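Okay, so the sequence shown: first residue is 1 according to UniProt numbering, each after it adds one.
Quick reminder that beta carbons are idealized off the backbone N, C-alpha and C, glycines included.
Since the structure is predicted, the reported quantities are computational estimates derived from the model, not experimental observations.
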Amino acid sequence: MQNQEENYLPTLITATPFEGRQLAIKLARKSIGAIQPDAGIRQQLRAAYASDTAQLIASAQVIATEFQTIAQANNYWKTTD
C-alpha cells in the first residue's frame, strides 16, 4: 500500500478541463500502483494488456469515471459571467 503520508491529491479543483483530464489519468495510474505495488509485476502485465482492446477500453473507462468526478467537482468548468 502507498505511504498514507504522501498527499498526491490535495484537491480535485483544476483550472481547465485539460488539467482535469490529466488529473484523472494520474488518479487512475495511482490506483493501479496501490492495487499492484510491485513495479516488476506491473511491467510484466503491461505486455498482456498492451494489445488487448478490451483491456485498453476498460482502462479508458476508469479514466472517464475519474474525469466525471473531477468535472462534477469543478462544476463542469462553467463560468458565471
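Round the Cβ separation of residue i and residue j to the nearest angstrom and send it over; I've been treating them as touching at under 8 Å.
i: G20; j: F67; result: 6 Å
i: R29; j: Q36; result: Wrong, their Cβ atoms sit about 11 Å apart, outside the cutoff.
i: I13; j: N74; result: 6 Å
Does the Cβ of residue i have 16 or more other Cβ atoms within 10 Å, making it buried, or fewer, making it exposed?
i: A48; result: exposed
i: L9; result: exposed
i: L27; result: buried
i: L70; result: Reading off the sequence shown, one finds Ile at residue 70, where the question assumed Leu. Flag for I70 reads buried.
i: L23; result: buried
In terms of residues, what are the limits of the alpha helix (DSSP H) holding residue i?
i: L27; result: P17 to I35
i: L45; result: A39 to A50
i: I13; result: Here I13 belongs to no alpha helix (DSSP H), and DSSP marks it neither H nor E.
i: E66; result: T53 to A73
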